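Novice: Position one of the sequence shown corresponds to residue 94 (the numbering used here), numbered consecutively onward.
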Amino acid sequence: MTTNILVLDIAGNPFDWIAPQDAIHYYAIGKVAWELGERDFVFRGGYANTGIQSRIIVKPIIAIAGSEIMARKLRAVLPLGDNNDLLFKRDQHICAYCGKKFARHHLSRDHILPRTRGGRDTWMNCVTACKQCNQEKGSRLVHDFRPLIYAPYAPCRYEHFILSGRNVLADQHDYLAAKLPRHSRLS
Ligand SMILES: [Zn+2]
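#1: Is the beta carbon of isoleucine 111 closer than 9 Å to that of lysine 152?
#2: For aspartate 237, tell me which candidate among Gly105, Ile205, Asp115 has the shortest Cα-Cα distance.
#3: Using 9 Å as the threshold, is the C-beta distance between arginine 202 and glutamate 252 below it?
#4: Can you list, in chain order, every residue whose CB sits closer than 7 Å to a heavy atom of ligand 1?
#5: Applying the 10 Å Cβ sphere with the 16-neighbour rule, what's the burial state of proline 274?
#6: Under 9 Å between the Cβ atoms of lysine 193 and cysteine 223?
#7: Does any residue of chain C bring its CB to less than 9 Å from the CB of proline 248?
#8: Roughly how many whole angstroms lie between the Cα atoms of alanine 126 and isoleucine 103?
#9: Who does tyrosine 140 pair with in a DSSP beta bridge?
#10: Am I right that leucine 179 and serine 277 are in contact with their C-beta atoms under 8 Å? What's the rounded C-beta distance?
#11: Is it buried or exposed, leucine 234, if we count other Cβ atoms within 10 angstroms and call 16 or more buried?
#12: Give the straight-line distance between the Cα atoms of leucine 303 and isoleucine 255, rounded to the nearest whole angstrom.
#13: Considering only DSSP beta bridges, list what serine 201 is partnered with.
#14: Starting from histidine 178 and walking both ways along the beta strand (DSSP E), at which residues does that stretch end?
#15: Where does tyrosine 190 land, buried or exposed, given buried means 16+ other C-beta within 10 angstroms?
#16: Does the beta-carbon of glutamine 265 have 16 or more other beta-carbons within 10 angstroms, so that it is buried, or is it exposed?
#17: Locate the beta strand (DSSP E) running through glutamate 128, then write down its first and last residues.
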């Protein structure tokens, strides 16, 4: 599995996960303000007149000198999305109704306020439920079924990046985890 580069804004806020080869662009245009991490991703370019091959070393965490687009994107709320991976990770693969831990294929997304009653796909309206509990609950409301074992919450930006990262390096995880709020189940 490929490792991605954690892109930050100049103030250190997580901004994006990108492929290492896509980070070359930021180095080439001189936009990398600072960098962190142990690993070197080395890319070789062409040969200069001196006969020396150019190379760019990309680090696991890079901060990019700011732009307007970045500032706008940073203000946006990070969505839950359609993919259940983030939701199941937030809830640590534990069913909110029976409290048991399940493998991914036994789990489903439960809408606390059912979709048939106008419930939406938001962090606050969704919890992880095993398929059996979800089926039993059907379109009932929570108080007509069973109490929730844990409460839903919207992850902060740092937590969202841990949840959405793939094959996250220790440096990257430590950077993000250091800023997690105390209520986070990942901390
Ligand atoms: Zn269950």
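From the three backbone atoms N, C-alpha and C, an ideal C-beta is built for every residue, glycine too.
Treat the numbers as computed from the prediction; the structure is a model and nothing was measured.
Specialist: Quick answer:
#1: Sequence index remark: in the sequence shown, residue 152 carries index 59 (1-based). Sequence index remark: in the sequence shown, residue 111 carries index 18 (1-based). Contact flag unset, no.
#2: Translated into positions along the sequence shown, residue 237 becomes position 144. For aspartate 237, the nearest C-alpha among the options comes from Ile205.
#3: Working through the sequence shown from its first residue, we reach residue 202 at position 109. Working through the sequence shown from its first residue, we reach residue 252 at position 159. No, the pair does not count as a contact, with Cβ atoms beyond the cut-off.
#4: Cys188, Tyr190, Cys191, Lys193, Ala222, Cys223, Gln225, Cys226
#5: For the purposes of this step, residue 274 is taken as residue 181 along the sequence shown, with counting starting at 1. Classification for proline 274: exposed.
#6: Residue mapping note: residue 193 aligns to position 100 of the sequence shown, counting from 1. Residue mapping note: residue 223 aligns to position 130 of the sequence shown, counting from 1. For lysine 193 and cysteine 223, yes; Cβs fall inside 9 Å.
#7: In summary, chain C is missing from the structure at hand, where a single protein chain is found.
#8: As a working mapping, residue 126 is identified with position 33 in the sequence shown. As a working mapping, residue 103 is identified with position 10 in the sequence shown. Using only the alpha carbons, I get a separation of about 7 Å.
#9: Here residue 140 corresponds to residue number 47 of the sequence shown, with the count starting at 1. Answer by DSSP bridge pairing, in chain order: Gln146.
#10: Against the sequence shown, residue 179 aligns to sequence position 86. Against the sequence shown, residue 277 aligns to sequence position 184. With a Cβ gap of about 14 Å, leucine 179 and serine 277 do not count as contacting.
#11: Against the sequence shown, residue 234 aligns to sequence position 141. Classification of leucine 234: exposed, given that the 10 Å Cβ count is below 16.
#12: Here the chain has residues from 94 to 280 only, and residue 303 is not among them.
#13: On the sequence shown, position 108 is the one that residue 201 refers to. According to DSSP, serine 201 bridges with Ala222.
#14: Locating residue 178 in the sequence shown gives position 85, where the first residue counts as 1. A small fix is needed here, since residue 178 is aspartate in this sequence, not histidine. From DSSP, aspartate 178 is part of no beta strand (DSSP E) but of the alpha helix (DSSP H) over 178-183.
#15: One-based indexing of the sequence shown puts residue 190 at position 97. Per the 10 Å Cβ criterion, buried.
#16: Looking up residue 265 in the sequence shown gives position 172. Glutamine 265 is buried by the Cβ-count criterion.
#17: In the sequence shown, the residue the question calls residue 128 occupies position 35. Where glutamate 128 is concerned, the enclosing beta strand (DSSP E) stretches over 125-129.
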